[in-house]
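At position 75 of the sequence shown the residue is numbered 117 (our numbering), and the sequence of numbers has no breaks. Glycine included, every Cβ here is placed at the ideal spot set by N, Cα and C.
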Amino acid sequence: VMDSGYYYSSEYYGGSFHASPLAGLKIAYMYNSVLKAKTKLISPKMNTSELSMPYLSYYYIIEQRSVGKDTLKVYCRANEDSTWILLKTDTAVSAHDWYEDTIQLPSTSTTYQIAFEGITNKGYGIGIDSVSVYENSPCSIPTNIIGTIHNNTATITWNGDSTQSSWQVKRGLSGQVIDVTNPTYTF
């Protein structure tokens, strides 16, 4: 469902380079040359009521252009009559890469919806791929977390339990999620 503006099902992202889909044959691509135009791509209704810890995972690409950058906002709502709840705002970056984001959803329902809103600002548009809503298994909280600050970097180390073999590290509230297999990471 599209709320307004322009949304395309495309075989590639149309920035200064052409990013291919991560999965399948096409991506959702939002683009409009009109300044501050908004396009909201709304999911079909889904039943999340049986999930005790629902998460949303998606990949996005928003390439920064010299004259402007576009913005992606991610929303959810429990049903059609509910107000949209803003979960996350992502803006363009200079890198030419797909970024993964994972968000814990605040509630569940039998008619749950997710929306991706693109807001144009003379950028190359917004690509979205590999969207999923799933049950996240609770994991043990790492212990003995130690941060060491160096001149231009910071390193964190931690101890995981014997069942853990990978972790996710995220710098700040809006940073990229990074998968690691060693209980140490340097920013």
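- The three-state secondary structure of Arg107, taken from DSSP, is strand.
- Under the criterion of beta carbons closer than 8 Å, Lys78 and Asn163 qualify as touching, at roughly 7 Å.
- Restricting attention to Ile84, Pro148, Ser62, Phe158, the CA atom closest to the CA of Thr133 is found in Phe158.
- In the three-state reduction of the DSSP assignment, Pro96 falls in the strand class.
- Asn121 is the residue among Glu142, Pro63, Asn121 whose C-alpha sits nearest the C-alpha of Thr153.
- By the CB criterion at 8 Å, Asp143 and Val219 fall inside the cutoff.
- In this structure, Tyr117 and Ile104 do not form a Cβ contact; the two beta carbons are roughly 17 Å apart against a cut-off of 8 Å.
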